[in-house]
Amino acid sequence: MSAKSTDCKEASSPKDEDHGHKRPLRFRILNNDISSHKSSNSSFDITPSRGLDHIDHQSRSILKYFSEKVAPAMGPFNTVFNGYRDLILPMSEQDQTVKSAVLAAAASHISLKHREWKPLASKYRMAAIRGLNQQSTAESPNKSIDYSSLSTMVLLLVEQMIIVGTDFHILLRMMKSFIESQQCSDLAETEPLGTFLMQQIRKMSLYAGPLVMGLSAAKSLENMSNKDLDFLFSCLKIHPEYSSVIFKLANLIRTAAQIYLSRATNMPNQVITELVQQFLADIASYNATSPGGHILIWPFFIVGAECSSEQDREFVTVQLQNLWDCTGFGSPLYAIKLLGDIWQETPGTNWTQTLVDKVEGFIM
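So the sequence shown is numbered by UniProt numbering: it starts at 1 and just counts up by one.
This is the structure in structure tokens:
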């Protein structure tokens, strides 16, 4: 039995329309900001799910879209269990704040190709933020974990990753402060929902480190454990037959983390070059279009920052373009744009020292 993945399609190299010559893909991407990608003039139509008669027609349609398009792209495999679909989405039927965050993520995903959805996505986002603020000031009658707020913050971070929003720094700090104030990092994992949320939070924290913490992120990457990759390893419990794919993905993430750590700590160039070549060799037969490969946006970005040859840079660019085609997330396109900035730096510049000043969006 093979692992299912999202619908990834191979992206062919573009051609210069004026001269008919092949043109490096990254220049096409870098010359077009994510927000300028053409969208369809027609309205976006989705048929709502039945059985949610207490929810309005439009919301049902968007919730269905989240279940079918966003949730599968957030997990490594689209199998019988998906935490976003099977744990968080049911909460939205009763919890208005969570529902607003789900609707924001889905509408934002649609808006990248259908601009007319941007105002609605913004409306849902603001509703979710208002709900969070109200919950933070409300008197809690008990000491139970506020899964609603935790779920909402995770969803809003997903939404920021999708649209490459600039508020992800604030949301990360808010989420960290919330977990510390509730002292819930261990207690939360006594419930399936809490376990899933903490897996997602550890994943987000791992990927966000180099983007927001700079060189201090090296310590967290150096201490990275299997628990940080539980969002992957937890799949073994349900589908042990996917073990080879899961360990392959984990090794690719670890190699990318080691590359960042090596550059941040000024390891010899030869060490870093060997790690990059190891990653590229491993990915040659398993890439962005392979089962589970759609979760490799961050690893491809980190490795791409160390690529010096035109061939390797083009390969990474094509893989990130494939990830955009596959997920519909703005994150891989932003990664391509950011790599273009890094590649234009003066030779010998340590990109890990300048990355924080460049980053505006969440790459995950």
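All C-beta atoms in this analysis are idealised placements derived from N, C-alpha and C, irrespective of residue type, glycine included.
Quick caveat: nothing in here was measured; it's all calculated off a predicted structure.
Let me know if residue i comes out buried or exposed under the rule of 16 or more other beta-carbons within 10 Å of its beta-carbon.
i	result
Arg60	buried
Ala218	buried
Val276	buried
Val154	buried
Ala264	buried
Asn287	buried
Ala281	exposed
Lys176	exposed
Pro240	exposed
Lys248	buried
Gln199	buried
Thr190	exposed
Ile297	buried
Ser309	exposed
Identify which residue in the options has its Cα closest to the Cα of residue i.
i	options	result
Asn322	Thr346, Trp298 and Thr289	Thr289
Lys99	Ala335, Asp56 and Glu310	Asp56
Leu333	Gly361, Leu172, Thr354 and Asp230	Gly361
Asn226	Pro240, Val245, Arg254 and His239	Arg254
Leu338	Gly348, Cys326, Asp325 and Thr352	Thr352
Gly214	Phe66, Asp146, Met364 and Lys358	Lys358
Met161	Thr79, Asp228, His109 and Ser122	His109
Asp95	Thr354, Tyr147 and Ser111	Tyr147
Gly83	Gly348, Glu93, Phe196 and Thr166	Phe196
Gly340	Leu112, Ala121 and Cys307	Cys307
Ile363	Asp167, Asn78, Gln135 and Gln182	Asp167
Pro299	Leu252, Met267, Ser92 and Pro268	Leu252
Asn78	Ala104, Ile238 and Ile342	Ile238
Asp324	Asp312, Gln311, Ile342 and Phe301	The question names Asp, but residue 324 is Trp in the sequence shown. The candidate whose alpha carbon is nearest that of Trp324 is Phe301.
If you draw a straight line from the C-alpha of residue i to the C-alpha of residue j, how long is it?
i	j	result
Val356	Pro210	7 Å
Ala101	Gln344	37 Å
Ser234	Thr346	42 Å
Ser49	Lys64	Confidence is the limiting factor: at Ser49 the pLDDT is only 48, short of 50, which leaves the residue's position unreliable and the question unanswerable from this model.
Thr137	Ile179	16 Å
Leu193	Tyr207	21 Å
Gly330	Val164	6 Å
Arg173	Pro72	27 Å
Ala106	Lys69	8 Å
Pro119	Met74	24 Å
Arg202	Leu261	18 Å
Asn350	Ala305	10 Å
Ile283	Ser216	28 Å
Thr354	Thr97	37 Å
Ile170	Leu132	13 Å
Thr152	Val80	23 Å
Ser111	Phe315	28 Å
Tyr242	Leu236	7 Å
Gln270	Phe279	14 Å
Ser244	Leu232	12 Å
Gln58	Asn223	45 Å
Ile145	Ile129	19 Å
Ile62	Leu103	6 Å
Ile342	Asp312	14 Å
Determine whether the beta carbon atoms of residue i and residue j lie at a separation below 8 Å.
i	j	result
residue 375	Leu157	Nothing can be reported for residue 375: it is not among the residues displayed for the chain, which extend from 1 to 364.
Leu320	Ile295	no
Arg115	Glu159	no
Leu221	Ala250	no
Val212	Ile259	no
Pro90	Gly292	no
Just checking residue i against the ligand ZN - is the residue's beta carbon closer than 7 Å to any of the ligand's heavy atoms?
i	result
Gln182	This structure simply doesn't include the ligand ZN, nor any ligand for that matter.
*Of all the alpha helix (DSSP H) runs that stay within the bounds of the region 227-315, which reach a length of 4 or more residues?*
230-233, 235-238, 243-264, 269-284 and 297-306
*alpha helix (DSSP H) runs contained entirely in the region 80-160, provided each spans 4 or more residues*: 96-111 and 118-137
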